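Read through the structure below, which is laid out as structure tokens, and then see the notes.
Numbering (our numbering), first residue to last: 478 to 822.
Right, here's the structure in full:
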């Protein structure tokens, strides 16, 4: 009980130091990546991670690596306050990283550019390896899809890798592969909850996973309906067959008969507790904002350390994506108004 309370208290204390609206507005005014680094190094959660960085020489890839590493360093510190079962959620965080690494590896093979992948892997903290199923050292030296397939042969990703083998790497359906990999993440996290929790906590953890999967599927339905008028069978093959607040019948009805706008309206009605003052800009941002409100509510109100930890993990990932979006905006000269539509906080 004391461990549970200590972990929850520490996670909430870290969450209290997250970037606020004023921070994001200040970051939007920066003109270079170096200026962004200087700001983040000044009394934010990233101060230690960025302390040794030369702001005049840092590039976008290096900064992204460091920001992502900062999350694992914080999660590792949090686990010191929790029981042994809490480490299971670091496995889940690592699975997200493994999927990112696999996709990054394939993109580097497609583009014949291994620099960013190698850097990200070599700078991964060593303590992460014990939570991973992928051998990072081998992944760093992969030079072909066949070699990647061999590295992943004894991991949970082997069947997915086999599905896309037998063709030139440039012809791989990267969108389809990412869908398959993300679906495997949701399945693993759902079953993982059963191994570490029971009763009300188990129900809450599994609901969070189902809700994330459902919103991802609803976003796909909206996009395929709105922009491609896709055939219902194509839509069914593109979504994760998991429901949370909607029933299977309601999802099927949307796939068969709803317009894109009707799908968005249905999400707004069913998730009204979490929509609040969220303005619809585009579907991925809309569903991400809903999940932000879901996790924020769990952080603030749920006493269980497992729920607090998984909520903190996802909210921190959103924060890092926000910074990366701002960095990309600066890099390509995108207007602040446009960048604001990408941020979720």
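Idealized CB from N, CA, C, for every residue including glycine.
Fair warning: this is a prediction, and the values are worked out from it, not measured in the lab.
Check whether the Cβ atoms of residue 743 and residue 702 sit closer than 8 angstroms, and answer yes or no. no
What residue range does the alpha helix (DSSP H) around residue 709 cover? 709 to 715
In the DSSP assignment, the alpha helix (DSSP H) including residue 752 goes from what residue to what residue? 749 to 752
So residue 692 and residue 637 are supposed to be a Cβ contact under 8 angstroms. How far apart are they, rounded? About 22 angstroms; that fails the 8 angstroms criterion.
Just to confirm before moving on: does the CB-CB distance between residue 649 and residue 699 stay below 8 angstroms? no
Take the Cβ of residue 680 as the centre, count every other Cβ of all protein chains shown within 10 Å, and call the residue buried at 16 or more, exposed below. exposed
Contacting residues, own chain, Cβ-Cβ under 6 angstroms from residue 801 (five flanking each side not counted): 541
Count the other CB atoms, across all protein chains shown, that sit within 10 Å of the CB of residue 749; report buried if there are 16 or more and exposed otherwise. exposed
Kindly indicate the opening and closing residues of the alpha helix (DSSP H) around residue 763. 760 to 778
Look at the Cβ atom of residue 609, then the Cβ atom of residue 571, and state whether they are nearer than 8 angstroms. yes
Whole angstroms is fine: what's the gap from residue 662's alpha carbon to residue 704's? 27 angstroms
Close beta carbons around residue 690, own chain, < 6 angstroms, minus the five adjacent residues each side: 663, 717 and 719
Helix, strand or coil for residue 632 per DSSP? coil
With a threshold of 8 angstroms, are at least 3 pairs of Cβ atoms found where one atom belongs to the region 774 to 782 and the other to the region 670 to 689? yes
Alpha carbon to alpha carbon, how far is residue 763 from residue 555? Give it in angstroms, no decimals. 30 angstroms
Please report the distance separating the alpha-carbon of residue 644 from that of residue 585. 16 angstroms
Taking the Cβ atom as the reference point for each residue, do residue 488 and residue 789 lie within a distance shorter than 8 angstroms? yes
Give the list of continuous alpha helix (DSSP H) stretches no shorter than 4 residues that lie fully inside the region 515 to 597. 537 to 556 and 565 to 588
Could you tell me if the beta carbon of residue 822 falls within a distance shorter than 7 angstroms of some heavy atom in the ligand MG? Judged by which ligands are present, the structure shown has none, so any question about the ligand MG falls away.
8 angstroms Cβ cutoff, residue 729 in contact with chain B: Among the chains of the structure shown, chain B does not appear; only one protein chain is present.
Tell me where the alpha helix (DSSP H) around residue 611 begins and ends. No alpha helix (DSSP H) holds residue 611; DSSP gives it neither H nor E.
May I ask you to report which of helix, strand or coil DSSP gives residue 621? coil
If distances are taken between C-alpha atoms only, which option among 722, 550 and 696 comes closest to residue 712? 696
Just to check my reading of the structure: residue 514 and residue 530 have Cβ atoms closer than 8 angstroms, yes? What is that Cβ distance to the nearest angstrom? 6 angstroms
Best match in 688, 655, 651 and 652 for proximity to residue 666 [C-alpha to C-alpha]: 688
Please state the DSSP three-state secondary structure of residue 504. helix
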